[in-house]
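Numbering (full-length UniProt numbering), first residue to last: 1 to 106. Just so it is clear, CB atoms sit at the ideal spot from N, CA and C, and this is done for glycine as well. Everything on this sheet refers to the single structure shown next.
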Amino acid sequence: MDKAHKEIIQKNFMKLVDEISTQVEQVTSLLLNEHQIITKRMWEDVVQANNTLSRKADALLTLLLTRGPHAFNALYEAVKTAELNGAADILMPQNAPHWKKPDVDS
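As structure tokens, this is what we get:
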């Protein structure tokens, strides 16, 4: 992961933990199955070895900081898929807002 992406995660670590914790198992599974950023063992370490959602999210973000150049974009795509728009806004503020505007019938 490049320095700028690491800084975004580190600077917003607790906000991201809060945003991701509600869907941390889905995000972790996406990073395993869709993006191949983590291994099955890493998935187990995050999902099964931690007893609260916040600890799982903390463990996931800490792990991702070490997972190479594609980890940041994979996390971004995973949180978008999980509809964690607040986390997506934090990771890529230039693309915010990530929520869809409701269709208005004329």
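The three-state secondary structure of D2, taken from DSSP, is coil.
Minimum Cα-Cα distance from D45 among the listed residues L60, I9, W99, S54 corresponds to L60. Under the rule that a run must span 4 or more residues, the alpha helix (DSSP H) segments found entirely inside the region 24–64 read 24–33, 40–47, 53–64. Within the same chain, and ignoring the five residues on either side of D2 in sequence, the residues whose Cβ sits closer than 8 Å to its Cβ are P69, F72.
For K15, the number of other beta carbons within 10 angstroms of its own is below 16, and it is reported as exposed. By the C-beta criterion, the region 84–98 is judged not to be in contact with the region 49–59, since fewer than 3 inter-stretch pairs fall below 8 Å. In this structure, DSSP gives A88 a helical state, which the three-state scheme calls helix.
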